[in-house]
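Reviewing the structure listed below.
Numbering (my numbering), first residue to last: 1 to 214.
Rendered as structure tokens:
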């Protein structure tokens, strides 16, 4: 004789549908593709700065862009890894990238104190707001792709996943926009480009967890 429990279990089984496994290669392609799309959108609608197309490379630009790119890649890898939880899996590698990138705003602040508080004016605040806005908007492309990937997985720490999604989005977004930004001094990069990552990280921590919970 069938019981209500058996019928309930049968009903649950009837609703089951096979799902595609989360493939690492596919996730990496999505992350890399979204970053490339952000760069392409920037180049198409805003344009790459002339000095860069002419092959004139500034040392600070290369260093800062490399740090933001490295941070974006590290955070993206961690987000992808968090979508496929495993027993004993830890996520601390991205912290080293954060520590290294944090040297940019720290250097700007220290130099600002040594110049009687002129760091903010030297940071080109008007252009800085443009970098903050456009870098964050470009980061939405990366953030959206990573969020959709997290929704397919099963992150056990939605808050941390959201934070890292924001860090990845902000880092790769400002990396893309830095290919256009004509200002390459430590004050501008250290304050405004770093602020893009910080704002995106906060937004990701607040918004993403609600989007990836089942």
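Beta carbons are placed, not taken as given, at the ideal position from N, Cα and C, and that holds for glycine. None of these values were measured; they are calculated from a predicted model.
Between the CA atoms of residue j and residue i - distance to the nearest angstrom
{"i": "residue 83", "j": "residue 160", "result": "12 Å"}
{"i": "residue 178", "j": "residue 65", "result": "7 Å"}
{"i": "residue 130", "j": "residue 111", "result": "23 Å"}
{"i": "residue 132", "j": "residue 196", "result": "5 Å"}
{"i": "residue 51", "j": "residue 182", "result": "8 Å"}
{"i": "residue 213", "j": "residue 53", "result": "44 Å"}
{"i": "residue 1", "j": "residue 152", "result": "In this prediction, residue 1 scores a pLDDT of 44, lower than 50, which makes its location untrustworthy; no coordinate-derived value is stated."}
{"i": "residue 147", "j": "residue 28", "result": "14 Å"}
{"i": "residue 170", "j": "residue 139", "result": "5 Å"}
{"i": "residue 104", "j": "residue 37", "result": "26 Å"}
{"i": "residue 95", "j": "residue 73", "result": "12 Å"}
Whole-angstrom C-beta distance between residue j and residue i, which should lie under 8 Å
{"i": "residue 198", "j": "residue 75", "result": "Between residue 75 and residue 198 the Cβ distance is about 13 Å, and since that is not below 8 Å, they are no contact."}
{"i": "residue 156", "j": "residue 204", "result": "Between residue 204 and residue 156 the Cβ distance is about 17 Å, and since that is not below 8 Å, they are no contact."}
{"i": "residue 149", "j": "residue 80", "result": "7 Å"}
Residue of the options minimising C-alpha distance to residue i
{"i": "residue 106", "options": "81, 59, 192, 156", "result": "192"}
{"i": "residue 123", "options": "188, 41, 213, 48", "result": "188"}
{"i": "residue 63", "options": "37, 38, 186, 206", "result": "186"}
{"i": "residue 78", "options": "158, 202, 137", "result": "158"}
Beta-carbon gap between residue i and residue j smaller than 7 Å
{"i": "residue 45", "j": "residue 174", "result": "no"}
{"i": "residue 162", "j": "residue 208", "result": "yes"}
{"i": "residue 190", "j": "residue 102", "result": "no"}
{"i": "residue 256", "j": "residue 71", "result": "Nothing can be reported for residue 256: it is not among the residues displayed for the chain, which extend from 1 to 214."}
{"i": "residue 176", "j": "residue 39", "result": "yes"}
{"i": "residue 142", "j": "residue 172", "result": "yes"}
{"i": "residue 34", "j": "residue 201", "result": "no"}
{"i": "residue 26", "j": "residue 180", "result": "no"}
Distance cut-off 6 Å: residue i Cβ against heavy atoms of the ligand GTP
{"i": "residue 201", "result": "Ligands in the displayed structure: none, and consequently the ligand GTP is not present."}
Runs of alpha helix (DSSP H) wholly within the stretch 24-107 (minimum 4 residues, chain order)
24-45, 50-53, 59-82, 93-101
4 or more residues per run - each alpha helix (DSSP H) lying fully within the stretch 150-182:
Secondary structure within the stretch 150-182: the alpha helix (DSSP H) runs of 4 or more consecutive residues, fully enclosed, are 158-178 (chain order).
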